[in-house]
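Numbering-wise (my numbering), the sequence shown opens with residue 325 and increments by one. Glycine included, each C-beta is placed from N, C-alpha and C at the ideal position. Worksheet for the structure shown next.
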Amino acid sequence: MTRTTPPRPLDVASVFPELAGTSRTATRLHPRPGAPTVHESSVGGPLLWPAGEPWASCSQEHDAPFELNTPEEVRTLRRILARDVWTDEDHAEVSRIHAGHDPSLLPEGPHPLIPVAQLYAQDVPGLPFPEGTDLLQVLWCPFIDIEDQSGSEAVQLRWRRAADVAEVLVSPPEPAYVGTSELVPLPCVLHPEQVLEYPAAHDLDPELAGRIHRWDEDGATGYRGALSVAPRVEGRRLGRPLHLP
């Protein structure tokens with residue numbers, strides 16, 4: 325079942341007129357585990373990647389993790405964890421995967437990047453696509469220090485015109501190992517929903533933010549949780565959230 329954002333209990337700009345004109349339309353992706361195709365928007369799904377184009381990679385040096393796992397081991401672990409009943413073989417496999425591989429096995433780069441998201445313009449109408457493009461692809465490097473590599477080749481974007489991809493790459497390369505399972509997204513189909521948001525409290529003028537805080541304390545509907553930014557997390561965590569302005 326497609327989830328939607330609960331309706332706002334009130335228009336906060338009617339209580340705080342200073343907020344008038346500060347709202348924006350955001351797109352919530354609502355990812356759900358599934359089997360997306362290259363012709364659909366997805367998180368962690370296959371990309372509409374031209375067969376003749378080299379796959380995105382990262383040649384930067386990365387800090388060696390405590391242990392390594394292969395992408396397939398990450399998928400195997402998730403399948404086992406989703407089972408209600410485990411066999412002796414399942415327990416043994418989980419122990420083996422958790423033990424990981426020696427970091428010395430990590431080959432030198434470049435390392436193939438992992439697909440994070442594919443977004444077609446029709447599904448995210450508020451996203452400013454460059455002229456002549458209608459498809460955004462996001463990929464990242466499979467090691468935790470990606471968080472310290474912003475603006476580098478550890479995270480890459482590809483803007484495309486989907487109609488220009490005549491032949492699709494069937495078997496894209498994968499990294500030999502990943503440094504953390506969190507960087508291997510679970511394939512998800514998307515259910516985009518447009519919502520109206522107001523600035524988060526920490527982005528407001530301090531005087532206005534203070535008045536809103538006192539209003540919250542008086543028992544009114546919470547600005548942060550119900551009136552400003554739509555909540556990012558629903559149910560169990562499926563990977564790092566994507567939230568588009």
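- In the structure shown, the three-state DSSP call for Val492 is strand.
- Of all C-beta pairs linking the stretch 481 to 489 to the stretch 515 to 522, fewer than three are shorter than 8 Å, placing the two stretches out of contact.
- Judged by DSSP in its simplified three-state form, Glu521 adopts strand.
- When Cβ pairs closer than 8 Å are counted between the two stretches, the stretch 415 to 435 is seen to touch the stretch 489 to 502, the count reaching three or more.
- For Val479, same chain residues with a beta-carbon under 6 Å away, outside a window of 5 residues either side, are Trp464 in chain order.
- When Leu372, Ala380, Thr351 are compared, the shortest CA-CA separation from Ile438 is found for Ala380.
- Secondary structure at Trp539: helix, using DSSP grouped into helix, strand and coil.
- By DSSP's assignment, His435 forms a beta bridge with Cys382.
- Around Pro496, the same chain offers Pro370, Leu371, Trp373, Trp379, Pro436, Pro439 as residues with beta carbons nearer than 8 Å, after the five sequence neighbours per side are excluded.
- Looking only at Pro511, Val362, Thr346, the smallest Cα-Cα distance to Pro395 is reached by Pro511.
- One thing to note: Gln446 has its Cβ no nearer than 9 Å to the Cβ of Leu460.
- Straight-line measurement puts the Cα of Val409 at about 48 Å from the Cα of His537.
- The C-alpha of Gln384 is placed about 35 Å away from the C-alpha of Ala416.
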